[in-house]
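Let me begin by presenting the structure, written as structure tokens, before commenting on it.
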Amino acid sequence: MNPWDAYPELKRELDVNDADLDLDPYWLPELALRFKESGRTPKKETKAAFLSLFEDPLEWFDTDLFTITAVEEVYKVIRSFAEQDPAVEINLPTIEELFPYGE
């Protein structure tokens, strides 16, 4: 599944009609948090495709919007969502890769 197709699919599975969560990379962590907190079980393929977006910083990361602390918080949510049933593996970029020169 295309990762960007997984995003609206997860919104449908969660019954999220929030216009704020339209296809905007900055809302990706929010959708993961809402899904995690809902306790719902997404389809594994959809979840894996969605989480793969976080493996590529070009899909969601912007140094103008994120600090190291903010990325650490996002990573907590993403890792927790990945571990939730059905568990999927995710390989997130390191903080050093995202901030090679610090903040």
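Under our numbering, the very last position in the sequence shown is 105; numbers go up by exactly one each time.
C-beta: ideal position from N, C-alpha, C; glycine also.
**Message:** Just verifying my parser: in three-state terms, what is the DSSP assignment at isoleucine 70?
**Reply:** When DSSP states are grouped into helix, strand and coil, isoleucine 70 belongs to the helix group.
**Message:** Pairs of beta-carbons, one from the segment 87–94 and one from the segment 33–47, closer than 8 Å: are there three or more?
**Reply:** Contact check between the segment 87–94 and the segment 33–47: three or more CB pairs, one atom from each, fall below 8 Å, which counts as touching.
**Prompt:** In this structure, does DSSP put threonine 43 in helix, strand or coil?
**Reply:** coil
**Message:** Comparing C-alpha positions only, which one of Trp6, Glu74, Ala84 sits nearest to phenylalanine 101?
**Reply:** Nearest C-alpha to phenylalanine 101: Glu74.
**Prompt:** For the ligand GDP, is there a heavy atom less than 7 Å away from the beta-carbon of tryptophan 62?
**Reply:** Absence of the ligand GDP is noted for the structure shown, with no ligands found whatsoever.
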